[in-house]
Amino acid sequence: MIQDIERGTTVTFPDGTSRGSSTVVAAFPAGTRTGVVTDVTPFHPVDHTWPDHPADHGTVTVDGRRHEIVDCVIGAVEDGTDTVLLGRDIPVRRGAAGWHWLVVHLVDGPFPHRDGAGADLVVDGRRRAALSAGHTGCELVTLAINEAFAGRWRKEVPVDVLGNPDFDGQAITTSAIVPGGSVDTYRLGKSLRKKGFGTDGLAAALPEAAAAVTARLTGWVAEDARVWVDAPEPGLTDRRSWCCALGQGEVRVACGGTHVTSTGRLGAVAVTLDLSDDGTTLVARTTVSPAG
Numbered sequence: 237m238i239q240d241i242e243r244g245t246t247v248t249f250p251d252g253t254s255r256g257s258s259t260v261v262a263a264f265p266a267g268t269r270t271g272v273v274t275d276v277t278p279f280h281p282v283d284h285t286w287p288d289h290p291a292d293h294g295t296v297t298v299d300g301r302r303h304e305i306v307d308c309v310i311g312a313v314e315d316g317t318d319t320v321l322l323g324r325d326i327p328v329r330r331g332a333a334g335w336h337w338l339v340v341h342l343v344d345g346p347f348p349h350r351d352g353a354g355a356d357l358v359v360d361g362r363r364r365a366a367l368s369a370g371h372t373g374c375e376l377v378t379l380a381i382n383e384a385f386a387g388r389w390r391k392e393v394p395v396d397v398l399g400n401p402d403f404d405g406q407a408i409t410t411s412a413i414v415p416g417g418s419v420d421t422y423r424l425g426k427s428l429r430k431k432g433f434g435t436d437g438l439a440a441a442l443p444e445a446a447a448a449v450t451a452r453l454t455g456w457v458a459e460d461a462r463v464w465v466d467a468p469e470p471g472l473t474d475r476r477s478w479c480c481a482l483g484q485g486e487v488r489v490a491c492g493g494t495h496v497t498s499t500g501r502l503g504a505v506a507v508t509l510d511l512s513d514d515g516t517t518l519v520a521r522t523t524v525s526p527a528g
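The sequence shown begins at 237 in the working numbering and counts up by one.
So, in structure tokens, the structure goes:
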């Protein structure tokens, strides 16, 4: 039945949906667990290409029996085959042509239900809310860091959606969303310096930069600006954008994660910036304390 889903799994999480009814498409062994595929799901899976946003957890109930979903990953099936590859075993980038793209819910133990059975899916709301707040905070902090470092560029580089030199886009190496925050790591090596980024005096300037970033985020939180995910199409691999109606203008950034509905939902925010001893790595840690 997997090959019958021509567009892959339909996802409803972009609009904030956290529960829904669906149909079981397939269940199969996935290491020590069982992978369960439904035709529609509210669950956000971790992305094998850029695994910054952890998966939703929750439950799936079939024939009156509830199963805990302990992880959720992207699966891919090449045209003409029935083998589902998971996560890092997928040899192509998400959305590559010639593949069916699926959300695979992982449960412990057997899943003794027939294909075609009805399924009720419920996301763990507390975990979803904490990760959504962390991701919205992460999107905002990258813009604030770009602004704080704007004066360090000696050459022209691409700018972000607010018109500042895109330090984040040029230097980011890893990003990790955590419940109530994020950790972003930047490389300040020779290649970045050749692009025109000045690192002289950076260590001494970091406390002031961190304070400026935190102040900018606090101001955006006070705006209580609307936040939403623009998802023109419902497929798992269809392009989605994170949008925020800041006073400086509407921000729109490609993003596949989940988010809060307004900046005011982030509550208190704080940002720290730490430089490695050799000066080649900068780590930005963002924490938010969601309101309500």
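Ideal Cβ placement from N, Cα and C applies to all residues, glycine included.
Three or more Cβ pairs closer than 8 Å define a contact, and the segment 458-467 meets that threshold against the segment 485-501. Going by DSSP, Cys491 is part of no beta strand (DSSP E) at all; its letter is neither H nor E. In the three-state scheme derived from DSSP, where H, G and I count as helix and E and B as strand, Glu314 is classed as strand. For Gly256, the pairing in a beta bridge is given by DSSP as Leu357. As computed with DSSP, His336 is found in a beta bridge with Val313.
Rounded to the nearest angstrom, the gap between the Cα atoms of Val260 and Lys430 is 53 Å.
Within the model, the alpha-carbon separation for Ala366 versus Pro415 is close to 4 Å. Its chain contains Ser254 as the residues whose beta carbon lies nearer than 8 Å to that of Gly361, once the 5 sequence neighbours on both sides are disregarded; these appear in chain order.
Assigned with DSSP and collapsed to three states, Val377 falls in helix.
Cβ-Cβ separation between Val296 and Ile305: approximately 6 Å, consistent with a contact (criterion under 8 Å). Scanning Ala440, Ser512 and Val505 for the CA closest to the CA of Thr522 turns up Val505. Only residues of its own chain outside the window of five on either side were considered, and among them Thr246 and Val247 have a CB closer than 7 Å to the CB of Pro470, listed in chain order.
Minimum Cα-Cα distance from Ile413 among the listed residues Phe264, Trp286 and Ala263 corresponds to Trp286.
For Trp286, no alpha helix (DSSP H) run applies, since DSSP gives it neither H nor E.
In this structure, DSSP gives His371 a helical state, which the three-state scheme calls helix. Boundaries of the alpha helix (DSSP H) harbouring Val449: Leu438 to Glu459, taken from the DSSP string. If you draw a straight line from the Cα of Leu398 to the Cα of Gly485, it is about 8 Å long. Bounds of the alpha helix (DSSP H) holding Ser427 are Lys426 to Lys430. Under the three-state reduction of DSSP output, Asp420 falls in the strand class.
A direct Cα-to-Cα measurement between Gly432 and Leu376 gives close to 24 Å. Within 10 angstroms of the beta-carbon of Val395 lie fewer than 16 other beta-carbons, which makes it exposed. Annotation: Arg488 to Arg476 spans about 10 Å, alpha carbon to alpha carbon.
Of the residues assessed, Ala445 falls on the buried side of the cut-off, its CB having 16 or more other CB atoms within 10 angstroms. The straight-line gap separating the alpha-carbon atoms of Thr268 and Val313 is approximately 20 Å. Shown here, Thr499 sits in a helix according to DSSP, grouped into three states.
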